[in-house]
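This report refers to the structure that appears directly beneath it.
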Amino acid sequence: MSQPLSPSGKHNLILAVNAGSSSLKVAVFKANSPPVRVASAKVERIGARDTQITFMVGGEASRSEAVLASSHDDALAAIMYRVQERICASSLIGVGHRLVHGGPNHSASEVITPELLDDIRQLEIYDPEHLPSELQVIESLQRRLSGIPHVACFDTAFHHDLPAVARRLPLPRRLDALGIRRYGFHGLSYAYLMDHLARLDYGESRGRIVLAHLGNGASLAAVRDGKPIDTSMAFTPAAGIPMSTRSGDIDPGLIEYLLRAAGMTVQEFNRIVHLESGLLGVSETSGDMELLLEREHEDARAGEAVAIFCYHVRKYIGAYAAAMGGLDTLVFAGGIGERAAEVRFQICTELRFLGIELDATSNRDNADLISSGVLPVNVRVIATDEELMIARDVINAIG
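Following my numbering, the numbering of the sequence shown begins with 684 at its first residue and continues without gaps.
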């Protein structure tokens, strides 16, 4: 929910920027404690013919319209035109940028300097899917808003201090120099979820928690006593559970097999596991969970895609409960986790042995607490807010 904002009023504002591989989301916050959202905008399907921009200021209803955006620069120009039409740019005191990958050396948000930008450019080899567009947006906004600090907010920072048994990938130690480790992602989302649990003041944030961020990109994280201990994504965001178009964990032997048997190149293999697999690959129709749920009873492939997704999420929940010696709280977040009651039901229905039981009405209504109260594990649905965490990190970084 956004707070009304008088365009003529003087406010200290933070701009939070979340650039995806084909999307751009921006939110404006009053620099309060906690930050208060006053405007937001997003452009999705950048480069497509049906690109849309959605914009909302204060208490107004959101508006959507077609926009020409063949690049992130175009999308940013469209967003900033609408932001600056309603909000005085001189009120901005800082800009925060979500960066998917922080590499081995960045464990917290940092004010962007020329040296940091150079370091981030060196990390493009870690994440060629996201970092180039994120860097493009940073450089463009630094030109537009040059007189205020810009802050890099790394999605990997939440997981930086994983225990060695989870952090180290079982490869030869001589490869450590290449920065190979489990990095984990969706860290800004997980930080928000943990902050939300702490504010509930039921002591849950100090227990044994599985966080499930389920959207087009999807991952799980295990947290015990407030500290991350494991997460399903690894060196890249392609690892872990099946996602909208990503395969998740697969046998590495498939690489050589497909290169030999199908004559693929490495680039073709990467395209398959990143863009043609997961829900889309199994269903052969869509990577959109909402559409697959509509079709699952009439299309066996759609039903199988949903079942495989839920199976792998359920398997990770069980594994993390084993790693933590039990489970106290399960949290669903992300577009699927927050809105797909059927997915939550399929995931949880076989988990009574862990102490999980859903209340059918609460689950159907996407209530905050959806567990029955009969068994000991609390199951929650929390609407995550990565942009809010970016704004908070900017305030902390610039003092």
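Cβ coordinates follow ideal geometry from the N, Cα and C atoms, glycine included. Note that the structure is predicted; figures quoted are calculated from it, not measured.
Helix, strand or coil for residue i per DSSP?
i               : result
asparagine 1046 : helix
arginine 851    : coil
valine 989      : helix
cysteine 771    : coil
histidine 995   : helix
histidine 755   : helix
alanine 699     : strand
valine 1064     : strand
glycine 1082    : coil
aspartate 1054  : Position check: residue 1054 holds serine in this sequence, whereas aspartate was assumed. In this structure, serine 1054 counts as strand in the three-state DSSP scheme.
arginine 732    : coil
glycine 1001    : helix
isoleucine 762  : helix
Going by DSSP, what residue range makes up the alpha helix (DSSP H) through residue i?
i              : result
valine 949     : 949-958
alanine 710    : Note, alanine 710: premise wrong, no alpha helix (DSSP H); beta strand (DSSP E) at 706-713.
isoleucine 938 : 936-944
arginine 864   : No alpha helix (DSSP H) holds arginine 864; DSSP gives it neither H nor E.
leucine 1013   : That residue, leucine 1013, is in no alpha helix (DSSP H); its beta strand (DSSP E) goes 1012-1016.
serine 966     : 961-966
arginine 1035  : Looking at the DSSP string, arginine 1035 is not in any alpha helix (DSSP H), and its letter there is neither H nor E.
leucine 974    : 972-978
From residue i to residue j, what distance separates their C-alpha atoms?
i                  : j                 : result
arginine 720       : phenylalanine 712 : 4 Å
proline 925        : glycine 961       : 5 Å
glycine 692        : proline 717       : The predicted position of glycine 692 is uncertain, since its pLDDT is 47 and thus under 50; a value taken from the coordinates is nonetheless stated next. The alpha-carbon atoms of glycine 692 and proline 717 are separated by roughly 20 Å.
proline 687        : alanine 1002      : Confidence is the limiting factor: at proline 687 the pLDDT is only 47, short of 50, which leaves the residue's position unreliable, though a coordinate-based value still follows. Roughly 45 Å between the two C-alpha positions.
leucine 1041       : isoleucine 1053   : 6 Å
serine 689         : proline 855       : In this prediction, serine 689 has a pLDDT of 46, which is less than 50 and means its spatial position is unreliable; what the coordinates show is noted afterwards. Looking at the two C-alpha atoms, the distance is approximately 59 Å.
valine 965         : isoleucine 736    : 30 Å
alanine 1023       : phenylalanine 992 : 13 Å
leucine 1010       : glutamate 981     : 36 Å
arginine 1075      : leucine 941       : 46 Å
glutamate 1086     : serine 704        : Because the chain here runs from 684 to 1082, residue 1086 falls outside it and cannot be looked at.
isoleucine 933     : aspartate 878     : 33 Å
leucine 883        : isoleucine 955    : 42 Å
leucine 976        : threonine 948     : 34 Å
methionine 684     : proline 853       : Its pLDDT being 48, under 50, methionine 684 is placed unreliably in this model, and the value from its coordinates should be taken loosely. Between methionine 684 and proline 853, the C-alpha separation is close to 45 Å.
glutamate 1069     : tyrosine 875      : 7 Å
phenylalanine 1028 : leucine 871       : 26 Å
valine 1060        : glycine 970       : 31 Å
glutamate 812      : glutamate 973     : 25 Å
arginine 943       : valine 906        : 41 Å
arginine 929       : asparagine 953    : 10 Å
threonine 1044     : serine 1055       : 10 Å
valine 1077        : serine 829        : 16 Å
aspartate 844      : tyrosine 873      : 14 Å
alanine 772        : tyrosine 994      : 48 Å
Can you list, in chain order, the residues of its chain whose CB lies under 7 Å from that of residue i, leaving out five sequence neighbours each side?
i               : result
methionine 763  : Arg827
histidine 789   : Phe837, Ala840
glutamate 1021  : Phe1015, Asn1049, Val1064, Ala1066
proline 846     : Ile912
aspartate 757   : Leu751
asparagine 1046 : Ala1024, Arg1027, Phe1028, Ile1053
Give every residue of the same chain whose Cβ lies closer than 8 Å to the Cβ of residue i, excluding the five residues on either side of it in the sequence, and list them in chain order.
i              : result
aspartate 1051 : Arg1063, Val1064, Ile1065
glutamate 1033 : Arg997
glutamate 743  : none
histidine 833  : Gly777, Val778, Gly779, His780, Val794, Ile795, Ile821, Leu824, Gln825
glutamate 967  : Arg984
arginine 728   : Ser705, Ser706, Thr734, Gln735
Once you ignore the five residues that flank residue i on each side, which residues in its own chain have a CB closer than 6 Å to its CB?
i                  : result
leucine 880        : Glu887, Ser888
serine 723         : Ala710, Met739
alanine 901        : Ile924, Met926
leucine 782        : Glu817, Ala835, Phe837
leucine 696        : Val711, Ser774, Leu775
lysine 725         : Lys708, Thr737
glycine 1018       : Gly898
phenylalanine 1036 : none
glycine 986        : Glu979
How would you write the range of the beta strand (DSSP E) that residue i sits in, first residue to last?
i             : result
glutamate 727 : 719-727
arginine 746  : 746-749
alanine 1024  : Counting along the chain, alanine 1024 falls outside any beta strand (DSSP E), though it belongs to the alpha helix (DSSP H) covering 1024-1031.
Please go through the segment 870-928 and give each complete alpha helix (DSSP H) segment of 4 or more residues, from N-terminal end onward. 870-883
Just list the beta strand (DSSP E) runs in the segment 784-856, keeping only unbroken ones of 3 residues or longer that don't cross its boundaries, in chain order. Those beta strand (DSSP E) runs which fall completely within the segment 784-856 and span 3+ residues are 833-837.
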